[in-house]
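Take a look at the structure set out below.
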Ligand SMILES: Cc1cc2nc3c(=O)[nH]c(=O)nc-3n(C[C@H](O)[C@H](O)[C@H](O)COP(=O)(O)OP(=O)(O)OC[C@H]3O[C@@H](n4cnc5c(N)ncnc54)[C@H](O)[C@@H]3O)c2cc1C
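Residue numbers (this note's numbering): 77 to 473.
As structure tokens, this is what we get:
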């Protein structure tokens, strides 16, 4: 078996892993990034929505190379199809080219000095005296052992690193998604992202239409909790119920899982950090994880490099990463999860009522976990009794 030695080994060249690799390499430590596929970003399991802030935190500008469509409005449809419109005075969004985005981030990691192996699938972590000390990977039939002072698991929701290191087999709550890339469309307003909620459309989650141009869009949905059918069956019904998609051509089909139970309890241990989806670091209400992945990767890469410099890669030292992440994004993830749990208590009729009293600013804040307690108490004041009681569940939690 081939043996390699690095300061930091990073598993997975998604947004989290490439960000971690770039940051650690820039700080002068010896880094290797491992990706099981031939190139980063393919296959692409994403609706490709990203804010300008998300792009900026990834060190990128909204250039034509990365962006398919600028988004200046969002519409959220209640089950009765009444909708609320969010304009972009508080946010700027894009439908990105996620394959290109991931590819560029992996290239930036290499330019910063990281070594990069594609077609390399990690199958286990190496442990020495209870400390994670590297990984075992397969390159074709060849097994490679890579020893490292710090391992960063950036290998997505099904993370082999998380499972083999004993930090958790699965999440308490996930959304199962299905998505078509549809072509041959004639969208009147390609700058509008659409979200649809309701038990007939996407039980426990939502359906989305994210235009990539007036001719093309990512149209998908997630299902969660009680659903009577698969995500793809709900999606087929959703698409056939909308006349705009009558002549559509299916360009590709994808799917995937988003963990929405919030950050796992333990995502740092001796010699190990988990970032992005591997640690459940998504915004539960929206299922958005690219921005949080980049932020967690940047932080983990920095703490990994600094702890190596200090000669201390114990869980205590690496916990600086978790603490810093929790300070900045942890509360938002936690609060957004509480909103998910609160909305679980609403039936379709309640959601229709809520749509009568909620404002677009409220939706934006609730979905993204911003200032949630204040927003909920504001909505309570203008709600009918039934909704007031349901919202009170959040106030009590
Ligand atoms: C249908 C769908 C739509 C979504 N839409 C959006 C959206 O619009 N906006 C948004 O912000 N988020 C969205 N998300 C969530 C987002 O895609 C994830 O949160 C994000 O990709 C997390 O990044 P990551 O780097 O942590 O993991 P990933 O992007 O999953 O990257 C993990 C990488 O690790 C590699 N890997 C896995 N196992 C191994 C192994 N054993 N060895 C080596 N390499 C390995 C994988 O090939 C992959 O390249 C969506 C998710 C789904 C399922």
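By construction, the Cβ of each residue, glycine as well, lies at the ideal position given by its N, Cα and C atoms.
State yes or no: is the C-beta of residue i within less than 9 Å of the C-beta of residue j?
{"i": "residue 110", "j": "residue 177", "result": "no"}
{"i": "residue 413", "j": "residue 445", "result": "yes"}
{"i": "residue 448", "j": "residue 404", "result": "no"}
{"i": "residue 141", "j": "residue 98", "result": "no"}
{"i": "residue 347", "j": "residue 196", "result": "no"}
{"i": "residue 268", "j": "residue 389", "result": "no"}
{"i": "residue 190", "j": "residue 108", "result": "yes"}
{"i": "residue 512", "j": "residue 436", "result": "Given that the chain is displayed from residue 77 to residue 473, the structure contains no residue 512 and the question cannot be resolved."}
{"i": "residue 90", "j": "residue 232", "result": "yes"}
{"i": "residue 442", "j": "residue 456", "result": "no"}
{"i": "residue 430", "j": "residue 463", "result": "yes"}
{"i": "residue 234", "j": "residue 253", "result": "no"}
{"i": "residue 263", "j": "residue 323", "result": "no"}
{"i": "residue 179", "j": "residue 116", "result": "yes"}
{"i": "residue 396", "j": "residue 417", "result": "no"}
{"i": "residue 135", "j": "residue 184", "result": "yes"}
{"i": "residue 350", "j": "residue 228", "result": "yes"}
{"i": "residue 223", "j": "residue 81", "result": "yes"}
{"i": "residue 292", "j": "residue 258", "result": "yes"}
With a CB to CB cut of under 6 Å and the five nearest residues on each side skipped, what residues in its chain are close to residue i?
{"i": "residue 367", "result": "130"}
{"i": "residue 326", "result": "256"}
{"i": "residue 221", "result": "77, 79, 212"}
{"i": "residue 83", "result": "105, 106, 225, 384"}
{"i": "residue 485", "result": "Since the displayed the chain opens at 77 and closes at 473, residue 485 lies outside it and no answer follows."}
{"i": "residue 245", "result": "239"}
{"i": "residue 274", "result": "155, 424"}
{"i": "residue 393", "result": "383"}
{"i": "residue 301", "result": "280"}
Mind checking which residues open and close the beta strand (DSSP E) that includes residue i?
{"i": "residue 310", "result": "Where residue 310 is concerned, there is no enclosing beta strand (DSSP E), although the alpha helix (DSSP H) it sits in stretches over 307-316."}
{"i": "residue 296", "result": "293-299"}
{"i": "residue 523", "result": "Any property of residue 523 remains undetermined from this structure, which presents the chain solely from 77 to 473."}
{"i": "residue 258", "result": "250-259"}
{"i": "residue 204", "result": "197-204"}
{"i": "residue 83", "result": "78-87"}
Check the C-beta distance from residue i over to residue j and give it rounded, since I have them as a contact under 8 Å.
{"i": "residue 377", "j": "residue 96", "result": "4 Å"}
{"i": "residue 243", "j": "residue 157", "result": "Contact doesn't hold; Cβ gap of about 43 Å is too wide."}
{"i": "residue 336", "j": "residue 250", "result": "6 Å"}
{"i": "residue 201", "j": "residue 384", "result": "Rounded, the Cβ-Cβ distance is 18 Å, inconsistent with contact."}
{"i": "residue 241", "j": "residue 87", "result": "Actually they do not touch by this definition, with Cβ atoms about 11 Å apart."}
{"i": "residue 330", "j": "residue 121", "result": "5 Å"}
{"i": "residue 94", "j": "residue 162", "result": "Wrong, their Cβ atoms sit about 30 Å apart, outside the cutoff."}
{"i": "residue 373", "j": "residue 387", "result": "About 23 Å; that fails the 8 Å criterion."}
{"i": "residue 356", "j": "residue 338", "result": "6 Å"}
{"i": "residue 188", "j": "residue 380", "result": "Actually they do not touch by this definition, with Cβ atoms about 13 Å apart."}
Residues bridged to residue i by DSSP?
{"i": "residue 127", "result": "169"}
{"i": "residue 349", "result": "228, 344"}
{"i": "residue 270", "result": "151, 285"}
{"i": "residue 240", "result": "Per DSSP, none; premise fails for residue 240."}
{"i": "residue 208", "result": "203"}
{"i": "residue 159", "result": "153"}
{"i": "residue 193", "result": "110"}
{"i": "residue 329", "result": "256"}
{"i": "residue 358", "result": "In DSSP, residue 358 forms no bridge with anything."}
{"i": "residue 218", "result": "215"}
If you drop the 5 nearest sequence neighbours on each side, which residues of the same chain put their C-beta closer than 7 Å to that of residue i?
{"i": "residue 266", "result": "145, 287, 289, 290"}
{"i": "residue 127", "result": "167, 168, 169, 367"}
{"i": "residue 358", "result": "334, 335, 336, 364, 365, 368"}
{"i": "residue 123", "result": "255, 284, 286, 294, 296"}
Please indicate yes or no: does the CB of residue i lie closer than 8 Å to some heavy atom of ligand 3?
{"i": "residue 446", "result": "Summarising the ligand content, the structure contains ligand 1 and does not contain ligand 3."}
Can you tell me where the alpha helix (DSSP H) with residue i in it begins and where it stops?
{"i": "residue 391", "result": "391-401"}
{"i": "residue 411", "result": "407-419"}
{"i": "residue 177", "result": "174-187"}
{"i": "residue 472", "result": "461-472"}
{"i": "residue 424", "result": "424-433"}
{"i": "residue 102", "result": "91-102"}
{"i": "residue 438", "result": "436-444"}
{"i": "residue 455", "result": "448-457"}
{"i": "residue 377", "result": "366-386"}
Give me, in chain order, the residues of the same chain whose beta-carbon lies closer than 8 Å to that of residue i; leave out the 5 immediate sequence neighbours on both sides.
{"i": "residue 277", "result": "155, 283, 297, 310, 314"}
{"i": "residue 143", "result": "170, 171, 172, 173"}
{"i": "residue 340", "result": "238, 243, 244, 247, 350, 355, 356"}
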